[in-house]
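Per our numbering, the sequence shown runs over residues 1466 to 1584.
No residue lacks a Cβ here, since even glycine has one placed at the ideal position from N, Cα and C.
Given the structure is predicted, the values throughout are model-derived calculations rather than measurements.
Down below is the structure, laid out as structure tokens.
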Amino acid sequence: MPEKLICSAAITSTGDPMGRLVELCGTDKMGEGEMKPFDIEGVQIMLVKHEGNLFAVDRVCTHADADLSDGFLSGDGVVCPLHLSAFNLADGSPTNPPATKPIKTYNVKIHNNKVFVEV
Ligand code: FES
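This is the structure in structure tokens:
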């Protein structure tokens, strides 16, 4: 199995007390259906392009710690590779058992053809 590439992210200070914007990648780096893992100061997230929209969510499943970026996308959102719970990418809620707790979602912003996440 090929080693998974975890991208590092550049921290950008915005002076915004609500959160910091972290640059993830260029918009041209995200194709439809792609899930890219990022580590931001120990927080494991993934950027997902699904049905034309970009989402940033935690990538650790709330059921038993599987890496959701190893899963796949369906109409319900991202599907965990271990026990197949799906999570809605917009609000993080699980749509089927065994997971019962939502994953965290993050605001995504596009500026100058770059993708930022608010952490
Ligand atoms: S680890 Fe994800 S559903 Fe069990």
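Exercise for the section: Could you tell me if S1534 is buried or exposed, where buried requires 16 or more neighbouring beta carbons within 10 angstroms of its beta carbon? Expected result: As a position in the sequence shown, residue 1534 is number 69, starting the count at 1. Buried: at least 16 other Cβ atoms inside 10 Å.
Problem - L1585 - partner residues in DSSP beta bridges - result: Limits of the chain in this structure are 1466 at one end and 1584 at the other, which puts residue 1585 out of reach.
Practice task
Could you tell me the distance, in whole angstroms, from the CA atom of L1538 to the CA atom of D1532?
Solution key: Numbered from its first residue, the sequence shown carries residue 1538 at position 73. Numbered from its first residue, the sequence shown carries residue 1532 at position 67. Cα to Cα, the separation comes out at about 13 Å.
Handout entry: Three-state secondary structure assigned by DSSP to D1530
Key = As a working mapping, residue 1530 is identified with position 65 in the sequence shown. DSSP places D1530 in coil when its eight states are reduced to three.
Handout entry: Heavy atoms of the ligand FES versus C-beta positions, residues under 6 Å
Key = C1526, H1528, A1529, A1531, C1545, L1547, H1548, S1550, P1563 and A1564
Problem - Classification of A1555 by the beta-carbon crowding that lies within 10 angstroms, buried from 16 upward - result: Counted from its first residue, the sequence shown places residue 1555 at position 90. In summary, A1555 is exposed, with fewer than 16 beta-carbon neighbours lying within 10 Å of its beta-carbon over all protein chains present.
Practice task
Grab me the residues of E1499's own chain with a C-beta within less than 6 Å of its C-beta, minus the 5 sequence neighbours each way, in chain order.
Solution key: As a first step, residue 1499 must be located in the sequence shown, where it is residue number 34. Contacts found: K1514.
Exercise for the section: Measuring alpha carbon to alpha carbon, tell me which of I1505, D1504, L1519 and I1510 ends up nearest M1495. Expected result: Stepping through the sequence shown from its first residue, residue 1495 is reached at position 30. It is L1519 whose Cα lies nearest to the Cα of M1495.
Handout entry: Euclidean distance between Cα positions of T1492 and I1568
Key = The count along the sequence shown starts at 1 and reaches residue 1492 at position 27. The count along the sequence shown starts at 1 and reaches residue 1568 at position 103. Taken atom to atom, the span from the alpha-carbon of T1492 to that of I1568 is near 24 Å.
Handout entry: Collapsed DSSP secondary structure at K1494 in the structure displayed
Key = Taking the first residue of the sequence shown as position 1, residue 1494 is located at position 29. Note: K1494 maps to helix in three-state DSSP.
Handout entry: Cutoff 6 Å; reference S1558; Cβ partners in own chain excluding five residues on either side
Key = As a working note, residue 1558 is residue 93 in the sequence shown. Around S1558: P1567.
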